[in-house]
Amino acid sequence: DSGVTQTPKHLITATGQRVTLRCSPRSGDLSVYWYQQSLDQGLQFLIQYYNGEERAKGNILERFSAQQFPDLHSELNLSSLELGDSALYFCASSVGSGAGLYEQYFGPGTRLTVT
Amino acid sequence: GNSVTQMEGPVTLSEEAFLTINCTYTATGYPSLFWYVQYPGEGLQLLLKATKADDKGSNKGFEATYRKETTSFHLEKGSVQVSDSAVYFCALSVSFGGNTPLVFGKGTRLSVIA
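For the protein sequence lines, the chains are A and B, in the order given. Position 25, counted from 1, in the first sequence is what this note's numbering calls 25; the numbers after and before it change by one each time, with no gaps. Position in the second sequence counted from 1, then plus 1000, gives you this note's numbering.
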């Protein structure tokens, strides 16, 4: 158990809908990262937050957005869903941001299926 | 840009066989290198890491050495077990350590048969 929790574990929804994925980082971790794992694209970084502020952005679509709340949990919002958004979405957390020796701890993931 | 290339799988080995999974990288700056493992139905777990040239990361019998001259970080294990069956990901972080986003290879699925 990494200490990172993600809800829900599974999500099935229809095209055009909007969903919210939730992540609670390990106690004491200030950075949260979101990754998408799909069969064709592999594991891709989406976005990072550090202590409530966006720190880095990867291949995140404009239909997707995220935020980190004062209690440090994070939510990833996916809207106007398409079939190609079906994937496993991972959240990871680490103590800090930038140079350092802190590893990222991954949650169990949320499997999103868009039908 | 930054990228990681690892050998395509799947790799199937008999128990007690020697394992090598090749990983090479391209990076701007001086990256840190990682191997993560994903067991069926689970998230990623850090297996080992190295943060500077010639560092050897090791854990649970797995080893990998950071080779700057060949831009490689190959994963090895002398004697695999059935419980090692999983998907292995090579990754890099363009900072010292892992506090910045990771760039992953496509993963290599390992199956070990008794």
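The C-beta atom is built at its ideal place from N, Cα and C for all residues, glycine as well.
Backbone CA spacing between residue i and residue j [nearest angstrom]
| i | j | result |
| --- | --- | --- |
| residue 30(A) | residue 1026(B) | 29 Å |
| residue 17(A) | residue 33(A) | 23 Å |
| residue 81(A) | residue 61(A) | 11 Å |
| residue 1044(B) | residue 69(A) | 24 Å |
| residue 1121(B) | residue 42(A) | As shown, chain B starts at 1001 and ends at 1114. That puts residue 1121(B) outside it, with no answer to give. |
| residue 1094(B) | residue 1028(B) | 7 Å |
| residue 1046(B) | residue 1067(B) | 19 Å |
| residue 57(A) | residue 78(A) | 15 Å |
| residue 1012(B) | residue 20(A) | 38 Å |
| residue 1071(B) | residue 13(A) | 43 Å |
| residue 1060(B) | residue 55(A) | 34 Å |
Per-residue burial, residue i [other beta carbons within 10 Å of its own, 16 or more giving buried]
| i | result |
| --- | --- |
| residue 1104(B) | buried |
| residue 15(A) | exposed |
| residue 1010(B) | exposed |
| residue 103(A) | buried |
| residue 63(A) | exposed |
| residue 1020(B) | exposed |
| residue 1014(B) | exposed |
| residue 1006(B) | buried |
| residue 1080(B) | buried |
Within 8 Å, strictly: CB atoms of residue i and residue j
| i | j | result |
| --- | --- | --- |
| residue 1086(B) | residue 1038(B) | yes |
| residue 1017(B) | residue 1033(B) | no |
| residue 72(A) | residue 89(A) | no |
| residue 26(A) | residue 105(A) | yes |
| residue 4(A) | residue 74(A) | no |
| residue 44(A) | residue 35(A) | yes |
| residue 6(A) | residue 107(A) | yes |
| residue 1084(B) | residue 1110(B) | yes |
| residue 9(A) | residue 110(A) | yes |
Nearest to residue i (by Cα), restricted to the options the options
| i | options | result |
| --- | --- | --- |
| residue 1073(B) | 1064(B), 1002(B) and 1112(B) | 1064(B) |
| residue 113(A) | 83(A), 8(A) and 95(A) | 83(A) |
Those runs of the beta strand (DSSP E) which lie wholly inside the region 44-84 of chain A and span at least 3 residues:
53-57, 64-68 and 74-78
Would you mind listing the alpha helix (DSSP H) stretches within the region 19-43 of chain A that are 4+ residues and don't spill past its ends, in chain order?
none
Identify every run of the beta strand (DSSP E) within the region 1038-1065 of chain B, keeping only runs that are complete inside it and at least 3 residues long; order them along the chain.
1044-1050, 1056-1059 and 1062-1065
Only counting runs of 3 or more residues, tell me where the beta strand (DSSP E) segments fall wholly within the region 1065-1092 of chain B, in order along the chain.
1075-1077
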